[in-house]
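Visitor: One structure, pasted below without further comment.
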């Protein structure tokens, strides 16, 4: 099936009442989640996963994807109007976006942010549509060594890109892999780390862990915000129409941001966040007036807000073509796929073309819905950010418990969620990023199984990993990434010695 | 000793202790051989890596702590009290869920958690009733999610 046949199939799937409604619901919830500081799209998708039960796979995934890219739109609203990022990928927008609002230019900031998000989001989907199918076809030839190499590289790159300390991140990744070993070994059937707790036979599911770290952890952290009030910058609706000068200064950063975002989205790690920082740096470097950055430069809003939407498309490529999520949000989508009996990866496009193309088509439609929703109704969404956390957080707790229980109907999962909620709160106090732990739990089983299968295939000859071109190259890159802090120290030591 | 009470030491120390327990449990698993790995192969490796990583972080925290003269307090007493009460409410919810069922527990959870957050009684009752009704309609009535009902029903 060519991409054009596929996308037509996708549109015909989506343009029915139920998937269309759930697409709208997803983008609406995504916008609200993006506007509300604290609860990001990962936590929201985890909590709202039970809403998809009873729906078909396409409808379920359309809604969850809508929450994902919808949050990227919503986050900029509070960044610009309240100087509080709605979610992490909108932190950079606070720098110039709020400055524009202080100068009475909130309207152009909001409109350029929305238009840029729509254009770049559409670009990201277009590239996804072109890249995912050939990658999936190539991945059909992958064996256990290639899957081991990709999983290893993914975890190591993620560890290097998250958090301030590589040792903290590596330790968290290994801790995640260790948690994933609890339960029944899938190859030999032996029990591991179960002890007398029969409930551990099923292992530790990553959904309660995610809900704990991102949901309950956030609730506990919000206790410190009791009594905090926020102020909303006012603007006029007619100011939302950007001027010709605004569009001229923004259009190139928008396209550049979309490309940067998509390419970074392909990499493991918090792509939506990293892409905004990279885009901001690029725009400042290339600008003819770099001194305006930090004081209300419109390119400082256009580039990053486009990049985070472009990144959502890129982040879906490894999940849809290889079946390996490279960040927590695609991991939730992986859970949704599995709950609905669909296996993402190389066989997804072949076996479930309506699901794949339905998701793609829904993202095109969803981006348009978001532009229509966000611009005229932006003042309503902005007011949602003013709801005090002491009202909102108890509702979040309810959804956390419902979501965690509904996954396996297990009270034990609720205890797991509370434990990881406490851990998530402690992580926030000490600057530990929870992403490596989460990815360790999710990718750990793939890593372990593919490693053990590869060793048996190679009969203990580890050099054969390097004799297969793809696994050899990827493992070499992984080793370099792992040793990069050491290489940096040695290289700098030699450079310092050479200086007079 | 005051430096050791800091979270920056306690978190890696806790991880270090857990890694030791994990490695002790690994003794019951079969490592296999380097050409035929068994169920203990990966646990031994990751357990050792966590042991080393958490040990390094612990030593780093001790060395940093020695250089510090003032230890910043990350959590105030009032905040700690509220956090502990909230955790107690969450655990209480899970304990009562099989006995009282979903509907009553949701109501009590909202009442208790909003009371800690300092919300007025009128708002608490309104929020608790509306959240319980909406949750019931969405999850039980619409989605038919099998949530626990009361022991008495």
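Chains as they are written, first to last, in the working numbering: chain W, 13 to 512; chain L, 4 to 156.
Note that the Cβ used here is the ideal one computed from N, Cα and C, for glycine as well.
Cα separation between residue 98 of chain L and residue 92 of chain L?
Guide: Cα-Cα distance, rounded: 10 Å.
Visitor: Assuming contact is defined by CB atoms lying nearer than 8 Å, are residue 186 of chain W and residue 62 of chain L in contact in what I supplied?
Guide: No, the pair does not count as a contact, with Cβ atoms beyond the cut-off.
Visitor: Report the rounded CA-to-CA distance for residue 211 of chain W versus residue 160 of chain W, giving the unit in angstroms.
Guide: In a straight line, the C-alpha of residue 211 of chain W is about 29 Å away from that of residue 160 of chain W.
Visitor: Give the range of the alpha helix (DSSP H) segment to which residue 347 of chain W is assigned.
Guide: It spans 340–351 - the alpha helix (DSSP H) in which residue 347 of chain W sits, taken as one unbroken run.
Visitor: Does residue 125 of chain L get closer than 8 Å to chain W when you measure Cβ to Cβ?
Guide: Chain W, which has no Cβ nearer than 8 Å to the Cβ of residue 125 of chain L, makes this no.
Visitor: Indicate the three-state DSSP secondary structure (helix, strand or coil) for residue 511 of chain W in the structure shown.
Guide: Below a pLDDT of 50, predicted positions are generally treated as unreliable, and residue 511 of chain W, at 47, falls in that range; no measurement from the model is reported.
Visitor: Taking 8 Å as the cut-off, decide whether the C-beta atoms of residue 203 of chain W and residue 45 of chain L are in contact.
Guide: No, the Cβ-Cβ distance between residue 203 of chain W and residue 45 of chain L is not below 8 Å.
Visitor: Smallest Cα separation from residue 217 of chain W: which of W/399, W/450, W/501?
Guide: Answer by Cα proximity: W/450.
Visitor: Would you verify that the beta carbon of residue 14 of chain L is, or is not, closer than 8 Å to some beta carbon of chain W?
Guide: At least one chain W Cβ lies under 8 Å of residue 14 of chain L.
Visitor: Check whether the Cβ atoms of residue 381 of chain W and residue 77 of chain W sit closer than 8 Å, and answer yes or no.
Guide: No, they are not a contact pair.
Visitor: Pop quiz: residue 313 of chain W and residue 125 of chain W are said to be a contact at Cβ under 8 Å. What is the actual Cβ separation, rounded to whole angstroms?
Guide: About 6 Å; that satisfies the 8 Å criterion.
Visitor: Roughly how many angstroms separate the alpha carbons of residue 156 of chain L and residue 327 of chain W, rounded to a whole number?
Guide: Residue placement at residue 156 of chain L is flagged as unreliable, the pLDDT there being 47, under the threshold of 50; a coordinate-derived value is accordingly withheld.
Visitor: Flag residue 53 of chain L as yes if its beta-carbon sits less than 8 Å from any beta-carbon of chain W, otherwise no.
Guide: So yes, residue 53 of chain L belongs to the interface.
Visitor: Within the 8 Å Cβ cut-off, does residue 25 of chain L reach chain W?
Guide: So, interface residue.
Visitor: Rounded to the nearest angstrom, what separates residue 25 of chain W and residue 365 of chain W at their Cα positions?
Guide: Those two C-alpha atoms are separated by around 10 Å.
Visitor: Using the beta-carbon count (16 or more within 10 Å), is residue 421 of chain W buried or exposed?
Guide: That one is exposed.
Visitor: Would you list the one or two residues that DSSP bridges to residue 204 of chain W?
Guide: Residue 204 of chain W is bridged to W/195.
Visitor: For residue 120 of chain L, return the contacting residues in chain W, with the cut-off set at a CB-CB distance below 9 Å.
Guide: Here the neighbours are 234, 235, 238, 400, 401, 402, 403, 405, 406.
Visitor: With 16 as the cutoff for other CB atoms within 10 Å, does residue 117 of chain W come out buried or exposed?
Guide: With 16 or more other Cβ atoms within 10 Å, it is buried.
Visitor: Kindly list, in the order they appear in chain L, the residues whose Cβ is closer than 8 Å to that of residue 434 of chain W.
Guide: Near residue 434 of chain W (Cβ distances below 8 Å), the residues of chain L are 90.
Visitor: Output the distance between the C-alpha atoms of residue 92 of chain W and residue 83 of chain W, rounded to the nearest integer angstrom.
Guide: Rounded to the nearest angstrom, the two C-alpha atoms are 15 Å apart.
Visitor: Under 8 Å between C-beta atoms, does residue 34 of chain W make it to chain L?
Guide: Cβ-Cβ to chain L under 8 Å: no for residue 34 of chain W.
Visitor: Considering only the alpha carbon of each residue, which of W/219, W/167, W/466 lies closest to residue 480 of chain W?
Guide: Closest by alpha carbon: W/466.
Visitor: Please confirm whether residue 110 of chain L has its beta-carbon closer than 8 Å to some beta-carbon of chain W.
Guide: It does not; no Cβ of chain W falls within 8 Å.
Visitor: Just mark residue 125 of chain L as buried or exposed, buried being the case when its beta carbon has 16 or more other beta carbons within 10 Å.
Guide: Exposed.
Visitor: To which residues of the same chain is residue 79 of chain W closer than 6 Å at the C-beta, ignoring the five residues directly before and after it?
Guide: Hits under 6 Å: 38, 41, 42, 53, 56, 57.
Visitor: Please work out which residues of its chain come closer than 6 Å, Cβ to Cβ, to residue 494 of chain W, disregarding the five sequence neighbours upstream and downstream, and give them in chain order.
Guide: Only 168 meet the Cβ criterion.
Visitor: Quickly, what does DSSP pair residue 35 of chain L with across the bridge? List them, please.
Guide: According to DSSP, which records beta bridges pairwise, residue 35 of chain L is partnered with L/40.
Visitor: Go to residue 64 of chain W, then tell me how far its alpha helix (DSSP H) extends in each direction, as first and last residue.
Guide: Residue 64 of chain W -> no alpha helix (DSSP H), and no H or E assigned at all.
Visitor: For residue 130 of chain L versus residue 117 of chain L, is the C-beta spacing smaller than 8 Å?
Guide: Yes.
Visitor: Suppose contacts are defined by Cβ-Cβ distances below 8 Å. Is residue 455 of chain W in contact with residue 166 of chain W by that definition?
Guide: Contact: yes.
Visitor: Between which two residues does the alpha helix (DSSP H) harbouring residue 465 of chain W extend?
Guide: From DSSP, the alpha helix (DSSP H) with residue 465 of chain W extends over 447–470.
Visitor: Name the residue from W/349, W/470, W/306 whose alpha carbon lies nearest to the alpha carbon of residue 113 of chain W.
Guide: It is W/306.
Visitor: Can you pull the chain L residues whose beta carbon is under 7 Å from the beta carbon of residue 414 of chain W, in chain order?
Guide: Per Cβ cutoff of 7 Å: 138, 142.
Visitor: In chain order, what residues of the same chain have a beta carbon less than 8 Å from the beta carbon of residue 301 of chain W, not counting five sequence neighbours either side?
Guide: Taken in chain order, the residues that qualify are 309.
Visitor: Using a C-beta to C-beta distance shorter than 7 Å, which residues of chain W count as neighbours of residue 47 of chain L?
Guide: What residue 47 of chain L touches in chain W: nothing, since even the nearest Cβ is about 10 Å away.
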